[in-house]
Amino acid sequence: MTEQPIPAMLPLSPADIRGRRQWPLPKLADPNAPLLEVRDLKTHFRLGRAWVRAVDGVSFGLADGEALGIAGESACGKTTTALSMVQLLPGNGKIRGGSVELFGIDLVQKSERAMQRYRWREISMVFQGAMNALNPVIRVRDQIAEPIQYRLDQPEGAARQRAIDLLDMVGIPRKRADAYPHELSGGMRQRAMIAMALACDPAIVIGDEPTTALDVMVQAQILDLLERLRRDLGLSLILITHDLSVLAETCDRVLVMYAGRVAEEGPVRRIFTAPRHPYTRKLVGSFPNLHTDRRSLAVIQGQPPDLLTPPPGCRFAPRCDFAMPVCTEVVPPEVRFSDGVRVACHLFPTSDIATVGGSTLEGSTLGDMTQR
Amino acid sequence: MNGRYLLRKVTQAIVTIVAIVLLMFLLFRIMPGSPDRAVKRPNITIEQVQALKAQLGLDKPLVPDQLVTYVRSTLSGDLGYSFKFRGQPVTEVVADAIGPTVLLIGLGELIAIVVGLALGSLSGWRRGGLVDRVGNGVSLILYSMPYFVIGMPMIIIFAAGLHWFPTSGMTTSGGSSDAVSQLVDLGSHLVLPLVAVSLGLIGGYSILMRSSILETRAEDYITTARAKGLPDRRVLWTHAFPNALLPMVTWIAISLGYVIAGAITLEVVFNWPGIGTLTVEALDSRDYPLLQGIFLLIAVSVVVANLIADLVYGLLDPRVHA
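Residue numbers (my numbering), protein chains in the order written: chain D, -16 to 355; chain R, 816 to 1137.
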C-alpha cells in the first residue's frame, strides 16, 4: 500500500504536511513512519455469550495528505472501523485483534487515559447529522474552543479567537459564532462540525457520512469545502459513506468493505472504471450514471450475512453471481495488482497476478457490467 | 429567553391563581357545615342565628354578593379569622407556620437536590458500577419509604435511645434567651427531621436523574465530547449533566411547590410547628377559614414554583423560545 502515489493536484508534499504541524508529533512517534497503518483489525460486539464479527480483519493505510474513501452498504463495518481507531466503541464493542499504528505507535495497546491524548489532537471526526453531534445547550463557538483550551492548553480568550477564526475559514460569519446549534441551518452546522474537527490541527480527519443528512446542493458545498481545506491545509482524510458519488469526487483511493472485510481497495479511478470484485461491480453498477440507460441499474439480490455466524468462506459468496465451490469454504486471499488495486476474491488466484494485465481484465469487467 | 416568553408565563400563572381563588370559593360552599352552625349552642335562638348570618353576610345570595366580598377581601389579604385560634386572623396563623416549614423542607430539598442529582448522575454514568449498584439500591429503598417510616426509627434510636437529639418540636420551652444558645437549640431540634426529609427526597431525585443521564449518555454529542479527548469527568459534568438536568427541572419545581405545603406526616411525627401540622389541626377542628387559607397558600406556591421552573428552563435551554 505504500506504493500509492500522491495525486499531482496536491501542492503539499508529505514532508511539507508534517512540517506544517502546529504541534509536535506525539512523544513516541517515529517521524519516518507512515501516517496510519491499520493491520488485520478485528472489532467484535458482544451479544449475550457470542460475538458479532462487525469488523473482521481489515487492513489499510493512509499517507500524509491523502483522502481515503471507505464505501459499503449499511452495517458493513465502516463506522465501527472508524470508531475502533480512536476506541470510541459502544460498551459491548471490543477490539479483539490487529493494530492501528499512527506514526508507528500502536493505538490499540493504549489505555483509555492514554488514548485521550490522541483523540482530536491526532485523529478528529466529523459526524453525520451535526444537529445531534453538537451539544444543544452550548454555543457553537465554545464547543469549538473547548478542545483548543483543554487539549492544547490555550487560554480561554485565545481559544475562542481561534474558534471564531476557524468558523470564518469554513464560511460561517464571525457574528454568528455565538449562535447555538439549533440557530444554524443543517449546512452551517456541518460547517461548524468541520471547524471543530480542525480545532487542534489534527493529523487525520475522519468524516463519517458527513454529507448524508444534507440536501444535494449543500452536500456539494460541504464537499467543496472539504476539498479546499484538504488542498490548503494538507489534511489527511478518511471519508466514510455509502454514497459512491461522494467518494468519486473527493477521494484518492477507495476501500470497499463487505460484511466486516475488505472486498477491494485501490485508486479511485480504477475502482470506478475497472471494478474487479463482484461486489464492487454490483455496487458501482447500482449507482445511476448520466451516460448510460437509467433503467439498467443493477440490484444486489439478498441480504448481507449474519455476522454472528458468518459464512466460512467468502462472505459475499451467497449473493455472488460467480460463486464457485471454493468460495463457500475458503476465505479468499488478498491479491495485489500492478495498478495498485488489491482484491479479496477467488476469481483472481494468487498465481495469476503476474499475468493479469490491466487492459484485458478491464475489458472483461466493463463488458460484464454493461451487459447487466 | 425573551420578554414575550416571560410575559406569557407570568400571565398564565396569574390566570391559574384567579381560577384557584374561584374554585376555592366553590369548594368551601359545597363542603358540609357552615359558620353559623359552628357556633350553635343548645340555647341559641333562631333570631340570634339570623343576626349572626346577617353579620357574616351569609344571608346575601352566593353570586354576586358573597363572591364579590370573598374576592375583594382575598385580594386585599384578608382571609378571615380562625375558629380554633380564638379569632386570630388566618393570615397571622399561617404566617407563623411558614417559617418552620420553609426552614425544614426548604433545607431538606436543597440537600436532597444536590446529593440526589450527584448520586443519580454518577450512577447513570457508570451503569452497573459500584456507585450504581449501591446507590440505586439505596435510592429505591428510600424512595419507597414514607417519611414516618424513616422518621420514627430515627426518633427511637437517636432521640429516645441515645439522647443525642430532642425527640420533637422546634425549640425547648423556657430555654436560654441569648441568640447563640437559641440557635444551637434550634439546630439540635432540626437535625433529625432534616435528615429524614433529605433521605426521603434523595431517592426520587437520584432515580430520575439516573435515567435521565442514561438517556443523555447515548446521545451523539456525548460521543463527540469523548472523541475530543476530554477527560471523563468533563464529559459528564459539562456535556451530559446540563442536558440531563432539563427534564429534571419540572420535577424539581413540582417538588418545590410542596415546600410550603410541608410534609404532613413528617411534621406530625416530629411535632414540627409548620404548615403540615397546622393543616392537621385545622382539619381536626373543622377550622374552615384556616383550611381555606392554607389551601390558597399551597396552591399559589405550587403555581409560583412552576413559574420559576419555566423561567429557569428558559435560562438552561437555549432552544426554549416564545
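A virtual CB, placed ideally from N, CA and C, is assigned to each residue, including glycine.
- The region 925 to 932 of chain R makes no contact with the region 1041 to 1051 of chain R: fewer than 3 CB pairs, one atom from each, lie closer than 8 Å.
- Its chain contains Gly935, Asn951, Ser954, Leu955 and Tyr958 as the residues whose beta carbon lies nearer than 8 Å to that of Ile1022 (chain R), once the 5 sequence neighbours on both sides are disregarded; these appear in chain order.
- Secondary structure at Ser107 (chain D): strand, using DSSP grouped into helix, strand and coil.
- For Thr26 (chain D), the uninterrupted beta strand (DSSP E) run begins and ends at Leu19 to Leu30, by DSSP.
- Proximity of the region 1073 to 1082 of chain R to the region 872 to 882 of chain R falls short of the contact definition, fewer than three beta-carbon pairs being nearer than 8 Å.
- Interface annotation for the region 115 to 146 of chain D against chain R: Asn115, Ala116, Leu117, Asn118, Pro119, Val120, Ile121, Arg122, Gln126, Glu129, Pro130, Tyr133 and Arg134, criterion Cβ-Cβ distance under 9 Å.
- Inter-residue distance for Ala231 (chain D) and Thr1065 (chain R) is about 50 Å (C-alpha atoms, whole angstroms).
- With the criterion set as a beta carbon lying under 7 Å from some beta carbon of chain R, the members of the region 58 to 82 of chain D are Val69 and Leu71, in sequence order.
- Taking one beta carbon from each stretch, the region 169 to 176 of chain D and the region 190 to 205 of chain D have 3 or more pairs nearer than 8 Å; the two touch.
- Leu894 (chain R) sits in coil when the DSSP states are folded into three classes, being neither helix nor strand.
- Residue state for Ala327 (chain D) is assigned as strand, using DSSP reduced to three classes.
- No Cβ-Cβ contact shorter than 8 Å links Gly81 (chain D) with Leu8 (chain D).
- According to DSSP, residue pairing for Glu317 (chain D) in a beta bridge involves D:Ala327.
- By the neighbour-count definition (other C-beta atoms within 10 Å, threshold 16), Trp1087 (chain R) is a buried residue.
- Asp191 (chain D): not part of any alpha helix (DSSP H); member of the beta strand (DSSP E) spanning Ile187 to Asp191, first to last residue.
- With a threshold of 16 other beta carbon atoms within 10 Å, Glu129 (chain D) meets it and is buried.
- Between the region 971 to 987 of chain R and the region 998 to 1006 of chain R there are three or more inter-stretch CB-CB distances shorter than 8 Å, so the stretches are counted as touching.
- For the pair Leu45 (chain D) and Leu19 (chain D), the Cα-to-Cα distance works out to about 5 Å.
- For Trp1066 (chain R), the uninterrupted alpha helix (DSSP H) segment begins and ends at Phe1056 to Ala1076.
- Scanning chain R for C-beta atoms nearer than 7 Å to the C-beta of Gln99 (chain D) yields Gly1044 and Pro1046, reported in chain order.
- Taking the Cβ atoms as the reference, Gly1072 (chain R) lies roughly 17 Å from Ala912 (chain R), outside the contact range of under 8 Å.
- Just measuring C-alpha positions, the residue of D:Asp226, D:Ala242 and D:Pro261 sitting nearest Pro288 (chain D) is D:Ala242.
- Bridge pairing for Ser82 (chain D): D:Arg22 [DSSP].
- The DSSP assignment places 945 to 958 and 962 to 969 as complete runs of the alpha helix (DSSP H) inside the region 923 to 994 of chain R, in order along the chain (cut-off: 4 residues).
- Here Gly914 (chain R) carries a helix assignment [DSSP, helix/strand/coil].
- Within the same chain, Cβ atoms closer than 6 Å to the Cβ of Leu72 (chain D) are found at Leu66, the five residues on either side in sequence being excluded.
- Nearest to Val314 (chain D) by alpha-carbon distance, out of D:Ala300, D:Arg325 and D:Gly323, is D:Ala300.
- Shortest Cα-Cα distance from Met68 (chain D) to any of D:Leu220, D:Leu85, D:Asp184 and D:Asp215 involves D:Leu85.
- Between Ile254 (chain D) and Val239 (chain D), the C-beta spacing is below 8 Å.
- Only Glu1034, Asp1035, Tyr1036, Thr1038, Thr1039, Ala1040, Arg1041, Ala1042, Lys1043, Gly1044, Leu1045 and Pro1046 from the region 1022 to 1046 of chain R bring a Cβ to less than 8 Å from some Cβ of chain D.
- Beta-bridge pairing by DSSP links Phe43 (chain D) to D:Val21.
- Listed as beta-bridge partners of Val1135 (chain R) by DSSP are no residues whatsoever.
- Around the CB of Asp1099 (chain R), fewer than 16 other CB atoms lie within 10 Å, so the residue is classed as exposed.
- Residues Ala912 of the same chain have their beta carbon placed closer than 6 Å to that of Leu1093 (chain R), with the five preceding and five following residues left out of the count.
- Residues of chain D whose Cβ lies closer than 7 Å to the Cβ of Asp1125 (chain R) do not exist; the shortest such Cβ separation is about 17 Å.
- Taken atom to atom, the span from the alpha-carbon of Val91 (chain D) to that of Arg22 (chain D) is near 11 Å.
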